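Numbering (UniProt numbering), first residue to last: 1 to 736. Right, one structure below, let's go through it.
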């Protein structure tokens with residue numbers, strides 16, 4: 001039954017593959033010619049090369065309305081030489097007086113909280129993958145990888161330069177992107193291109209090409225065409241070495257481990273096999289500069305997801321980690337080398353073979369951990385993708401996690417000898433972005449091969465200016481395993497449907513409003529219902545960009561395993577017990593153009609065992625433009641259950657301080673207090689970008705045990721230090 005239903009979804013997907021194969025904004029073309037003079041990146045754009053360049057102007061408004069030309073003027077020019085592609089943008093101030101609005105000078109800022117200009121390059125003209133660059137009005141840089149037709153991964157970082165100069169009536173951006181920084185196909189003379197501008201004072205978002213308001217301006221299906229006077233020059237030998245050196249001190253007070261020192265070094269290398277295919281190598285990598293994960297109060301029955309932030313895994317990483325669905329990922333790179341497991345070396349070959357074929361091959365080797373008995377392990381992944389029709393593709397993935405020279409130790413945890421996954425998926429994406437969908441099959445392999453170890457899943461979505469209609473089905477065998485992936489729940493059948501409608505009033509302070517109904521049902525392998533949730537929400541977006549949402553939901557849960565509803569290691573509810581409740585809530589986010597921003601959310605209603613749960617969350621932000629951004633969040637949970645749990649309360653508090661002395665020198669400090677985990681974390685990081693993509697880091701981390709005596713003493717105290725670390729790290733990007 002489940003297989004035939006998935007086949008019917010596949011048929012629907014394939015029937016829409018041929019829809020609208022012609023690129024929607026083909027008529028929007030910008031011609032780029034070789035520079036007639038040297039270009040100096042100073043924000044002046046007075047060189048003859050700029051005067052001779054073609055201008056992209058007369059943008060379209062995306063918000064607040066998408067039916068007219070933009071009222072805020074933007075002029076864009078592009079040119080190139082043997083080494084760089086250049087862009088200049090003159091961003092004129094709008095009709096509302098006042099200074100520009102930015103968060104700070106921190107890189108990869110939040111789009112909604114900054115006056116900014118960004119652009120999107122589809123260097124293969126395949127409407128699926130690309131690059132994004134830009135700056136805010138104060139000069140802070142933004143760069144990222146585009147994947148799945150318009151999603152941006154801002155953790156990617158590379159070498160390029162930019163300058164922003166402010167004038168009374170405008171700010172001017174000038175930037176240079178080395179051809180060695182991006183990937184493109186040799187001989188191709190057409191790239192997809194689009195430019196996006198946001199002016200918070202007028203609440204206007206605009207785009208060079210017309211884009212309906214429900215889509216992001218990053219949508220590669222809706223780009224125009226960058227027409228080269230001749231194919232872009234080949235960058236020549238393209239080899240980058242990125243060495244690092246690290247020194248650190250750590251002390252574990254909780255386990256009475258004295259201070260340990262650390263001195264380490266490693267090397268990354270990036271080798272362009274072709275202009276579109278890259279080989280990445282790493283030896284003894286370290287990821288000490290990575291931000292700490294944002295803590296959350298966990299009341300879920302399944303593992304939480306935290307995104308990958310490590311630079312080595314990011315370029316073309318979507319081909320590996322985005323195979324499948326958010327909760328069905330055969331491969332998840334965070335399984336490699338975290339939690340004290342050392343990575344010895346690794347290699348990744350990834351990129352385009354031609355316009356239609358894309359490949360990714362990765363192999364990572366981790367070291368042994370004697371304390372836990374974890375053997376050395378090898379992680380190998382092969383991914384292949386073939387474009388079909390305009391933007392759709394067929395993908396294959398093979399994942400192998402293998403323990404090397406492993407002999408089980410009866411006094412240590414038991415580890416599997418190998419775990420493998422083989423998957424195939426079809427991704428639908430129509431040229432006009434209205435239809436999207438996916439059909440997926442994955443099978444796992446392990447030494448005992450018990451059977452019932454496959455995944456079937458499919459979804460189809462229709463999304464227009466007014467309508468959102470989608471459906472999804474999933475079937476995961478009870479013996480399916482993905483040890484190198486992220487699959488928090490197995491042994492279920494799931495069906496989900498969403499129906500939403502948006503009203504678009506004119507001449508009022510409301511931008512749009514409308515209801516959305518979502519219903520999800522889970523069944524066990526015997527097709528007996530185990531969970532369902534139905535939620536009706538109503539969202540109102542105001543012209544100021546503030547958003548208010550109210551919702552009501554009903555839940556049913558039949559527990560398939562014991563569960564502590566407070567997730568604190570206390571008594572558990574029995575397997576097979578049934579729980580029903582109704583809850584309601586609200587969410588509000590204030591207008592982003594204020595220096596003071598705020599938001600709140602609430603949730604009240606039933607909970608497990610006929611209990612109740614109240615959740616109140618507040619977020620506050622204040623900025624002293626452009627150097628300081630202060631933020632604080634607080635979440636309070638009050639859970640009332642029958643005995644033996646009784647009343648349980650959790651506080652989660654997390655202030656953050658960003659001091660950006662310049663756009664190359666940053667101080668970021670987190671303080672996170674998590675009452676549920678009985679931990680307070682302090683993380684302070686100084687980053688100095690002394691050259692493009694080359695950094696010096698100083699990172700200080702403390703973890704405390706709140707409301708406890710100092711470890712090793714009998715004196716009561718407010719905080720007891722659990723562990724402490726200080727790390728200095730230097731990296732340098734060296735182009736050969």
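For glycine and all other residues, C-beta sits at the position ideal for the given N, C-alpha and C. It should be emphasised that the depicted structure is a prediction, and the values quoted were computed from it without experimental measurement.
Given residue i as reference, the closest of the options once Cα atoms are compared
| i | options | result |
| --- | --- | --- |
| residue 574 | 160, 216 and 558 | 558 |
| residue 276 | 383, 661 and 130 | 130 |
| residue 71 | 346, 279, 33 and 203 | 203 |
| residue 620 | 597, 593 and 441 | 597 |
| residue 377 | 270, 402 and 370 | 402 |
| residue 566 | 642, 452, 251 and 472 | 642 |
| residue 670 | 663, 686 and 423 | 686 |
| residue 274 | 248, 120, 354 and 197 | 354 |
| residue 546 | 583, 534, 531 and 594 | 594 |
| residue 739 | 105, 427, 486 and 55 | Outside the displayed range of the chain (1 to 736) lies residue 739, so it cannot be described from this structure. |
| residue 693 | 240, 507, 358 and 488 | 240 |
| residue 51 | 37, 309 and 683 | 37 |
| residue 681 | 236, 454 and 672 | 672 |
| residue 553 | 584, 543 and 531 | 584 |
| residue 525 | 479, 510, 337 and 225 | 479 |
| residue 666 | 651, 649, 689 and 655 | 689 |
| residue 107 | 89, 95, 96 and 142 | 142 |
| residue 347 | 339, 362 and 356 | 362 |
| residue 396 | 369, 405 and 357 | 357 |
| residue 320 | 486, 453 and 215 | 486 |
| residue 59 | 85, 206 and 310 | 206 |
| residue 225 | 411, 270 and 195 | 195 |
| residue 578 | 646, 563, 404 and 92 | 563 |
| residue 366 | 284, 469 and 349 | 284 |
Residue j beta carbon less than 7 Å from that of residue i
| i | j | result |
| --- | --- | --- |
| residue 110 | residue 132 | no |
| residue 24 | residue 432 | yes |
| residue 722 | residue 703 | yes |
| residue 139 | residue 154 | no |
| residue 351 | residue 278 | yes |
| residue 208 | residue 122 | no |
| residue 43 | residue 163 | yes |
| residue 640 | residue 668 | no |
| residue 483 | residue 419 | yes |
| residue 201 | residue 98 | yes |
| residue 333 | residue 306 | no |
| residue 504 | residue 517 | no |
| residue 374 | residue 726 | no |
| residue 444 | residue 481 | yes |
| residue 459 | residue 437 | yes |
| residue 281 | residue 626 | no |
| residue 644 | residue 571 | yes |
| residue 739 | residue 57 | The chain is shown from 1 up to 736; residue 739 falls before or after that span and cannot be answered. |
| residue 606 | residue 582 | yes |
| residue 212 | residue 66 | yes |
| residue 103 | residue 724 | no |
| residue 659 | residue 628 | yes |
| residue 439 | residue 471 | no |
| residue 328 | residue 379 | no |
| residue 514 | residue 501 | yes |
| residue 469 | residue 228 | no |
| residue 656 | residue 631 | yes |
Nearest-angstrom beta carbon gap, residue j and residue i [assumed within contact, 8 Å]
| i | j | result |
| --- | --- | --- |
| residue 676 | residue 298 | 7 Å |
| residue 663 | residue 635 | Rounded, the Cβ-Cβ distance is 32 Å, inconsistent with contact. |
| residue 542 | residue 588 | With 8 Å as the limit, residue 542 and residue 588 do not qualify as a contact, their Cβ atoms being about 10 Å apart. |
| residue 429 | residue 149 | 5 Å |
| residue 737 | residue 323 | A query on residue 737 cannot be resolved here, the shown segment of the chain reaching from 1 to 736 and no further. |
The stretch 211-221 in contact with the stretch 111-131 per 3-pair CB rule at 8 Å
Touching, yes.
Using 8 Å as the threshold, is the stretch 230-250 in touch with the stretch 260-269, meaning 3 or more CB pairs across them?
yes
Would you call the stretch 98-115 and the stretch 172-179 touching, i.e. three or more CB-CB distances under 8 Å?
no
Continuous beta strand (DSSP E) assignments of at least 3 residues falling wholly in the stretch 560-609:
As far as the stretch 560-609 is concerned, its whole beta strand (DSSP E) runs of at least 3 residues are 578-589 and 596-607.
Ignoring anything shorter than 3 residues or poking outside the stretch 40-120, list the beta strand (DSSP E) runs there in chain order.
Those beta strand (DSSP E) runs which fall completely within the stretch 40-120 and span 3+ residues are 60-63, 74-80 and 84-92.
Uninterrupted beta strand (DSSP E) stretches inside the stretch 403-432 (no shorter than 3 residues)
418-429
Segments assigned beta strand (DSSP E), at least 3 residues, entirely inside the UniProt domain "DUF5916" (239-337)
239-252, 257-274 and 277-283
Runs of beta strand (DSSP E) wholly within the stretch 142-230 (minimum 3 residues, chain order):
151-153, 161-166, 170-178, 190-199, 204-207 and 224-228
Entirely within the stretch 427-509 and at least 4 residues each: give me those alpha helix (DSSP H) ranges in chain order.
none
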